[in-house]
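4 protein chains.
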Amino acid sequence: MPLPYTAETLMGYLENVFPQIRGEFAIEALQEGHIEVRLKVQERHLRPGGTVSGPAMFALADVSVYMSVLAAIGPKELAVTTNASLDFMRKPDAGRDLIAHCKLLKLGRLLAVCDVLIYSEGKADPVARASMTYALPPDKTIKTQ
Amino acid sequence: MPLPYTAETLMGYLENVFPQIRGEFAIEALQEGHIEVRLKVQERHLRPGGTVSGPAMFALADVSVYMSVLAAIGPKELAVTTNASLDFMRKPDAGRDLIAHCKLLKLGRLLAVCDVLIYSEGKADPVARASMTYALPPDKTIKTQ
Amino acid sequence: MPLPYTAETLMGYLENVFPQIRGEFAIEALQEGHIEVRLKVQERHLRPGGTVSGPAMFALADVSVYMSVLAAIGPKELAVTTNASLDFMRKPDAGRDLIAHCKLLKLGRLLAVCDVLIYSEGKADPVARASMTYALPPDKTIKTQ
Amino acid sequence: MPLPYTAETLMGYLENVFPQIRGEFAIEALQEGHIEVRLKVQERHLRPGGTVSGPAMFALADVSVYMSVLAAIGPKELAVTTNASLDFMRKPDAGRDLIAHCKLLKLGRLLAVCDVLIYSEGKADPVARASMTYALPPDKTIKTQ
Numbered sequence: 001m002p003l004p005y006t007a008e009t010l011m012g013y014l015e016n017v018f019p020q021i022r023g024e025f026a027i028e029a030l031q032e033g034h035i036e037v038r039l040k041v042q043e044r045h046l047r048p049g050g051t052v053s054g055p056a057m058f059a060l061a062d063v064s065v066y067m068s069v070l071a072a073i074g075p076k077e078l079a080v081t082t083n084a085s086l087d088f089m090r091k092p093d094a095g096r097d098l099i100a101h102c103k104l105l106k107l108g109r110l111l112a113v114c115d116v117l118i119y120s121e122g123k124a125d126p127v128a129r130a131s132m133t134y135a136l137p138p139d140k141t142i143k144t145q
Numbered sequence: 146m147p148l149p150y151t152a153e154t155l156m157g158y159l160e161n162v163f164p165q166i167r168g169e170f171a172i173e174a175l176q177e178g179h180i181e182v183r184l185k186v187q188e189r190h191l192r193p194g195g196t197v198s199g200p201a202m203f204a205l206a207d208v209s210v211y212m213s214v215l216a217a218i219g220p221k222e223l224a225v226t227t228n229a230s231l232d233f234m235r236k237p238d239a240g241r242d243l244i245a246h247c248k249l250l251k252l253g254r255l256l257a258v259c260d261v262l263i264y265s266e267g268k269a270d271p272v273a274r275a276s277m278t279y280a281l282p283p284d285k286t287i288k289t290q
Numbered sequence: 291m292p293l294p295y296t297a298e299t300l301m302g303y304l305e306n307v308f309p310q311i312r313g314e315f316a317i318e319a320l321q322e323g324h325i326e327v328r329l330k331v332q333e334r335h336l337r338p339g340g341t342v343s344g345p346a347m348f349a350l351a352d353v354s355v356y357m358s359v360l361a362a363i364g365p366k367e368l369a370v371t372t373n374a375s376l377d378f379m380r381k382p383d384a385g386r387d388l389i390a391h392c393k394l395l396k397l398g399r400l401l402a403v404c405d406v407l408i409y410s411e412g413k414a415d416p417v418a419r420a421s422m423t424y425a426l427p428p429d430k431t432i433k434t435q
Numbered sequence: 436m437p438l439p440y441t442a443e444t445l446m447g448y449l450e451n452v453f454p455q456i457r458g459e460f461a462i463e464a465l466q467e468g469h470i471e472v473r474l475k476v477q478e479r480h481l482r483p484g485g486t487v488s489g490p491a492m493f494a495l496a497d498v499s500v501y502m503s504v505l506a507a508i509g510p511k512e513l514a515v516t517t518n519a520s521l522d523f524m525r526k527p528d529a530g531r532d533l534i535a536h537c538k539l540l541k542l543g544r545l546l547a548v549c550d551v552l553i554y555s556e557g558k559a560d561p562v563a564r565a566s567m568t569y570a571l572p573p574d575k576t577i578k579t580q
């Protein structure tokens, strides 16, 4: 079954729905059940001591999971995060983008669950991990424009 | 034992260490083991559909826990979030500030744990809950300026 | 609105559905949105060093949330735990029962969320905290016997 | 660097420290940073409707992480679980053992973090995922007997 999106159309859909985050993220890879997303680290994502803030990492995980769900089911209105758990394990480098590797573990009728590992680009050990649950809307598919 | 901070000196310390968040938060109440923090909801915290974004709620929980820990131990360099779990339960109103009620459940030698309930101001039911763990630094107290 | 159960009928329902746990738990208090449940600590719940095991604390939290949900909606087949997060904060006493204080934070159409604090009986500081999400079944109420 | 244990000596150490769980678990695979552990599903692990209980899955995840940490650092007294988050995604088969795949994501001086996926033996989709944090004791290595 072909995916409902390419990396380009998925990114376009996201930036259309959430204009606030335009230019902040990029899709590095998109396969069935797996997506890689880049946070283009900017001044406002940083914390003193030269590191990326917790909310910026949360946002990256959240966007990755959202796109992972969209990539599986096509555009759905109102899919929302219901639960998130995160472990912050290492200090990200301030001077590197963050790359999230997101795996779709479950796509049920009502809930989707993803696992995310976040890396400072080019580093072997993850800086954070996250798991997120999205509640899927009752079947009300929107047309892609 | 008197607290090492008043609401004013604690807020001042935070904004000095994290100038990025200046003007975004306010302390509503400060007691031993309990703190209430306001997120002054602005355009950039919003999402389409008239609601406050997940990263903004994460940031509010994180700041509340950080201040809760500081309020108990005084200024410590490098206390960092190691774990966070959040449940997003109701859609926050776009037109209302968020108020976090944060309770310090444990203050150990190495780890501190807090519970947070987040409310849309004036509403009875919480929009989100969070638990966070902070790793405390080895004993290296900094002087308040 | 009267609760669909008393402590006695709720405990009876639970032990009927889960005969494996008969005699292990007791309801200490039951009010709208709040329940207190005792784990009668026995040899098999213990760990070396004189403490209660993690799985036993998980089981207590899980049972408390399940009963909290039942107490709100009446008997429903197949309500299942979908997510749990726990912080283990202090070592429980081997010689004391555990008491869980469980608060129903959300009762939606599809999901219920509860917060739990677990205490060694008679101690002021909680030994653990937990949050759990239950998926509620589509409306298929069972008759209480 | 050779691992401090083989599957046999690690299992032996565990059953010696926790005699209560003797015969319940088996190590299927042991490599640096990765361990696979079997829960030999028995009557007492089951729930009505033919499924494995939440506490049994928690116990499997907890034991897997504990052994993963031991496998990396050798026998350490008092390493304890401080945090756990779990997603229960599919109903496990009552008639199959559970297999946990556990990956060590971080081994710090104070904290270790692992990710766990749990499968019903022979099935492709995980029934649950878990992340756990262990607090490592200050350097007080015990001799293996």
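Protein chains in written order, with this note's numbering: chain A, 1 to 145; chain B, 146 to 290; chain C, 291 to 435; chain D, 436 to 580.
Glycine included, C-beta positions come from ideal geometry on N, C-alpha and C.
With B:Val186 and B:Arg274 assumed to form a contact (beta carbons below 8 Å), what rounded beta-carbon distance in angstroms separates them? In the second sequence, counting from the first residue as 1, residue 186 of chain B sits at position 41. In the second sequence, counting from the first residue as 1, residue 274 of chain B sits at position 129. Not quite, the Cβ-Cβ distance comes to about 19 Å (not below 8 Å), so this is no contact.
Would you mind stating whether C:Val307 and D:Pro483 have Cβ atoms separated by less than 8 Å? The sequence position of residue 307 of chain C within the third sequence is 17, counting from 1. The sequence position of residue 483 of chain D within the fourth sequence is 48, counting from 1. It is a contact, given that the beta carbons lie within the stated cut-off.
Would you kindly report the start and end of the unbroken alpha helix (DSSP H) that includes B:Ser209? Sequence index remark: in the second sequence, residue 209 of chain B carries index 64 (1-based). Where B:Ser209 is concerned, the enclosing alpha helix (DSSP H) stretches over Gly199 to Ile218.
Assigned secondary structure, C:Asn306 (DSSP; H/G/I helix, E/B strand, else coil): Walking along the third sequence from the start, residue 306 of chain C turns up at place 16. Of the three classes helix, strand and coil, the one that applies to C:Asn306 here is helix, per DSSP.
To the nearest angstrom, how far is it from the Cα of A:Ala56 to the Cα of C:Arg334? The residue you call residue 56 of chain A lines up with position 56 of the first sequence. The residue you call residue 334 of chain C lines up with position 44 of the third sequence. About 44 Å.
CA-to-CA distance, C:Glu314 to D:Ala585, given in whole angstroms: Not covered by the structure: residue 585 of chain D. The range shown for chain D is 436 to 580.
For B:Thr226 versus A:Gly54, is the C-beta distance shorter than 8 Å? Numbered from 1 along the second sequence, position 81 holds the residue referred to as residue 226 of chain B. Numbered from 1 along the first sequence, position 54 holds the residue referred to as residue 54 of chain A. A contact, by the Cβ cut-off of 8 Å.
Quick one: what's C:Tyr295 bridged to in DSSP? For this step, residue 295 of chain C is matched to residue 5 along the third sequence. DSSP output for C:Tyr295 lists no bridge partner at all.
Can the beta-carbon of C:Ser375 be found closer than 8 Å to that of C:Ser421? Here residue 375 of chain C refers to the residue found at position 85 of the third sequence. Here residue 421 of chain C refers to the residue found at position 131 of the third sequence. Remark: C-beta atoms of C:Ser375 and C:Ser421 approach each other more closely than 8 Å.
Mind pulling the chain B residues with CB within less than 7 Å of C:Leu395? Residue mapping note: residue 395 of chain C aligns to position 105 of the third sequence, counting from 1. Within 7 Å of the CB of C:Leu395, the CB atoms of chain B belong to Met234, Pro271 and Arg274, in sequence order along the chain.
C:Gln435 burial status per 10 Å Cβ neighbour count (16 or more: buried): Along the third sequence, one-based indexing puts residue 435 of chain C at 145. Model confidence at C:Gln435 stands at a pLDDT of 32, short of 50, so the residue's coordinates are unreliable and nothing is read from them.
Interface flag, D:Ala570 vs chain B, CB-CB below 8 Å: On the fourth sequence, position 135 is the one that residue 570 of chain D refers to. By the rule that beta-carbons nearer than 8 Å mark a contact, D:Ala570 touches chain B.
In this structure, what does DSSP give as the bridge partners for B:Asp232? Numbered from its first residue, the second sequence carries residue 232 of chain B at position 87. A:Asn83 and B:Arg274, per the DSSP bridge assignment.
Three-state secondary structure assigned by DSSP to B:Glu173: The count along the second sequence starts at 1 and reaches residue 173 of chain B at position 28. The answer is strand: DSSP assigns B:Glu173 an E or B state.
Inter-stretch contact at 8 Å, needing at least 3 Cβ pairs: the stretch 497-511 of chain D / the stretch 206-221 of chain B: Contact fails: fewer than three Cβ-Cβ distances are below 8 Å.
Given A:Lys106, which residues of its chain have a CB within under 8 Å of its CB, disregarding the five upstream and five downstream residues? On the first sequence, residue 106 of chain A is found 106 positions in, with the first residue counted as 1. For A:Lys106, where only same-chain residues beyond five positions count, the Cβ hits under 8 Å are Ala112 and Val113.
For C:Ala351 versus C:Leu320, is the C-beta distance shorter than 8 Å? Counting from 1 along the third sequence, the entry for residue 351 of chain C is found at position 61. Counting from 1 along the third sequence, the entry for residue 320 of chain C is found at position 30. No, they are not a contact pair.
Inter-residue CB distance, D:Ala529 and D:Val487 (contact presumed, cutoff 8 Å): The sequence position of residue 529 of chain D within the fourth sequence is 94, counting from 1. The sequence position of residue 487 of chain D within the fourth sequence is 52, counting from 1. The Cβ separation is near 7 Å, so the contact holds.
Since B:Asp260 meets chain C, which of its residues come closer than 8 Å, beta carbon to beta carbon? One-based indexing of the second sequence puts residue 260 of chain B at position 115. By Cβ distance, chain C contributes Asp405 and Arg419.
If you run the structure through DSSP and keep just helix, strand and coil, what is B:Arg241? Mapped onto the second sequence, residue 241 of chain B falls at position 96. In this structure, B:Arg241 counts as coil in the three-state DSSP scheme.
Beta-carbon contacts of C:Leu300 that lie in its chain and below 8 Å, excluding the five residues immediately before and after: Position 10 of the third sequence, counting from 1, holds the residue named residue 300 of chain C. Cβ contact annotation for C:Leu300 (same chain, cutoff 8 Å, sequence separation greater than five): Ile317, Leu320, Met357, Leu360 and Ala361, in chain order.
If you run the structure through DSSP and keep just helix, strand and coil, what is D:Leu545? Residue mapping note: residue 545 of chain D aligns to position 110 of the fourth sequence, counting from 1. Collapsing the DSSP output to three states places D:Leu545 in coil.
Measure from the C-beta of C:Ser375 to each C-beta in chain B and report whether the shortest distance is under 8 Å. By 1-based counting over the third sequence, the position of residue 375 of chain C is 85. By this cut-off, C:Ser375 is an interface position.
Please classify D:Leu445: does DSSP put it in a helix, a strand, or coil? Stepping through the fourth sequence from its first residue, residue 445 of chain D is reached at position 10. The DSSP-derived three-state label of D:Leu445 is helix.
In three-state DSSP terms, what is A:Ile142? As a first step, residue 142 of chain A is located in the first sequence; it is residue number 142 there, counting from the start. For A:Ile142, the predicted structure reports a pLDDT of 43, less than 50, and the residue's modelled location is therefore unreliable. A value from the coordinates is still provided. Correct three-state label for A:Ile142: coil.
Could you work out which residues of chain D lie near B:Thr226, taking near to mean beta carbons separated by less than 9 Å? Sequence index remark: in the second sequence, residue 226 of chain B carries index 81 (1-based). The premise fails here: B:Thr226 is roughly 12 Å from chain D at the closest Cβ pair, so nothing lies under 9 Å.
Can you give me the C-alpha to C-alpha distance between C:Asp405 and C:Gly323, rounded to a whole angstrom? The residue labelled residue 405 of chain C in the question sits at position 115 within the third sequence. The residue labelled residue 323 of chain C in the question sits at position 33 within the third sequence. C:Asp405 and C:Gly323 have their C-alpha atoms spaced approximately 11 Å apart.
Which bits of chain C does D:Pro483 rub up against, with CB to CB less than 7 Å? Position 48 of the fourth sequence holds residue 483 of chain D. Val307 and Phe308, listed in chain order.
8 Å is my cut-off, CB to CB: does C:Ala384 come that close to chain D? As a working mapping, residue 384 of chain C is identified with position 94 in the third sequence. Not an interface residue.
So, is the C-beta of B:Ala204 closer than 8 Å to a C-beta in chain A? Taking the first residue of the second sequence as 1, we reach residue 204 of chain B at position 59. Yes, its Cβ sits closer than 8 Å to a Cβ of chain A.
Identify the residues that DSSP records as bridge partners of A:Lys123: which are they? Here residue 123 of chain A corresponds to residue number 123 of the first sequence, with the count starting at 1. Under DSSP, A:Lys123 shares a beta bridge with no residue.
Just to confirm, is the Cβ distance from B:Glu353 to B:Ala245 under 8 Å? With chain B covering only 146 through 290, there is no way to say anything about residue 353 of chain B.
For C:Pro382, count neighbouring Cβ atoms within 10 angstroms of its own Cβ and tell me buried if that reaches 16, exposed if not. Here residue 382 of chain C refers to the residue found at position 92 of the third sequence. When all chains shown are included, C:Pro382 counts as buried.
Cβ neighbours of D:Tyr554 in the same chain (closer than 6 Å, five flanking residues each side left out): Translated into positions along the fourth sequence, residue 554 of chain D becomes position 119. A distance below 6 Å between beta-carbons, with the five flanking residues on each side excluded, links D:Tyr554 to the following residues of its chain, in chain order: Ile534 and Pro561.
Using only the alpha-carbon positions, how far apart do A:Ala124 and C:Gly412 sit? The residue you call residue 124 of chain A lines up with position 124 of the first sequence. The residue you call residue 412 of chain C lines up with position 122 of the third sequence. Roughly 48 Å between the two C-alpha positions.
Based on Cα-Cα distance, which residue from A:Met89, A:Gly108, A:Tyr134 and A:Ile73 lies nearest to A:Pro2? Here residue 2 of chain A refers to the residue found at position 2 of the first sequence. Shortest Cα-Cα distance from A:Pro2 to any of A:Met89, A:Gly108, A:Tyr134 and A:Ile73 involves A:Ile73.
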